[in-house]
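When the sequence shown is numbered by my numbering, its final residue is 879 and no position is left out of the sequence of numbers. Take a look at the structure set out below.
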Amino acid sequence: MLRCYNVGVSVLNELMDDLKRLIRQVPDFPKPGILFYDITTLLKDRTGLKTVIDAFRDRYRDAQVDMVLGIEARGFIFAPAVAYALGVGFVPVRKPNKLPAATERVEYTLEYGTDALEVHKDAIEPGQKVLVVDDVLATGGTAAAVCQLVERLGGRVVGVGFVVELDFLHGRSKLAGYDVFSLIQYPQ
Ligand code: AMP
């Protein structure tokens, strides 16, 4: 079980090391050659999820976020909890043909395939400040596509936050110009 933290910049490194121990690395999933960073082992820890959400709350509490947007599927685990902690609304970005009302769609490239994502056209009001949250920053294709969606609807991306960042895939380069944050980094 994790120790309890009052998260500040000074303890972030220590926090990262403790959280890292809770993440399971699964080779060859979902296909050969991919090392999968499994956050379910962090989620089941008594204080793992709380520590992550508290850290996000502390990072963004002064960012005047209007809306937290989560990416299907694993973004749905963290983003609504971050929205709750910040006291703002949550917007789901879903796989194609899941949302019932009029949608805006974007196509993107994954580390292991291609896909598309959709959001309701009326989910974000022009000028709203949006925080995008997902579990893992890999190549950055998904998050960059979602930022495009937000901007097409007139929203302003005030932050893009991840639990895990795979530094060696250089996902940040696709998110140049955005405020990108991750709690745990894997250099290689
Ligand atoms: P990307 O667009 O390459 O940044 O991929 C990001 C999305 O794919 C995230 O939503 C992750 O959930 C998932 N993902 C990509 N690579 C991995 C990985 N090696 N381990 C766990 N999840 C991953």
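All C-beta atoms in this analysis are idealised placements derived from N, C-alpha and C, irrespective of residue type, glycine included. Computed from a prediction, not measured in an experiment: that's the story for all the values here.
query	result
What is the residue span of the alpha helix (DSSP H) that K741 lies within?	739 to 751
So, using beta-carbon positions, are L808 and I762 closer together than 8 angstroms?	yes
Based on DSSP bridge pairs, tell me the residues matched to S873.	F853
With DSSP run on the structure shown, which of helix, strand or coil describes C838?	helix
Mind reading off the beta-carbon distance from Y728 to V855? Whole number of angstroms is fine, and I expect it under 8 angstroms.	5 angstroms
With distances taken from CA atoms, which of V779, I725, E795, G818 is nearest R748?	V779
Beta-carbon separation of V782 and A836 under 8 angstroms?	no
What are the complete beta strand (DSSP E) segments, minimum 3 residues, inside the stretch 789 to 826?	794 to 801, 804 to 811
Taking the continuous beta strand (DSSP E) assigned at L760, which residues delimit it?	758 to 762
Run the CB neighbour count on R847, radius 10 Å, all protein chains shown included, and call it buried at 16 or more, exposed below.	exposed
How many Å lie between E816 and R843 at the Cα?	11 angstroms
Classify T731 as buried or exposed, calling it buried when 16 or more other Cβ atoms lie within 10 Å of its own Cβ.	exposed
Do we get a CB-CB distance below 8 angstroms when we pair E809 with the residues of chain C?	No chain C appears in this structure, which consists of one protein chain only.
Any idea what DSSP makes of L828, helix, strand or coil?	strand
If you follow the alpha helix (DSSP H) that L866 is part of, which residue opens it and which one closes it?	Neither: L866 is in no alpha helix (DSSP H) and is coded neither H nor E.
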